[in-house]
Amino acid sequence: MQKPAQRKGKILFINAVDEVRRDKTISMLEEKHIDKIFKAYKEYKDIPGFAKVVKNEQILENGATFNISQYVSRLEVKDDASKQSFGELMTEWKKNRIELYEGINGLLED
């Protein structure tokens, strides 16, 4: 209700899923993570792969979903991606897949 005029009718989505330090099954925010999240909040602007300002109309067009990944993609296009071999890309994918499963298993263990 008390947003500045330039922020009214908009929502800032921040995808800070990678802004944690993981220690086995525990994830915690460090000062640098908190600072990055707070800076994105204060600046209230798009940051590729991290934050996106979305108009309310766009949210309604998307079925009023507040799913962060709907608006902020974690996928980054690497400049050198075209130089990577299929084997390198597959190895990277496998590593990311394992990290994902470990993270899910860590959440389910609690």
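Numbers given in this note's numbering equal positions in the sequence shown, counted from 1, plus 2.
Beta carbons are placed, not taken as given, at the ideal position from N, Cα and C, and that holds for glycine.
These numbers come from a predicted model, not from an experiment.
Report the residue from the options whose alpha carbon sits nearest the alpha carbon of residue i.
i: I13; options: N107, D20, G108, N69; result: N69
i: K44; options: I16, N98, E32, P50; result: I16
i: A53; options: K97, E21, D25; result: E21
Quick test of your reading: residue i and residue j, contact by CB under 8 Å. State the CB separation rounded to the nearest angstrom.
i: N64; j: G11; result: Contact doesn't hold; Cβ gap of about 15 Å is too wide.
i: T27; j: G108; result: 4 Å
i: R23; j: E32; result: 5 Å
i: G51; j: S75; result: 7 Å
i: V55; j: K47; result: 6 Å
To the nearest angstrom, how far is it from the Cα of residue i to the Cα of residue j?
i: L91; j: R99; result: 12 Å
Using DSSP's beta-bridge definition, name the partner residues of residue i.
i: A18; result: Answer is none; A18 lacks a bridge partner.
i: I13; result: V56
Exposed or buried, what is residue i when buried is set at 16 or more other beta-carbons lying within 10 Å of its beta-carbon?
i: Y73; result: buried
i: K38; result: buried
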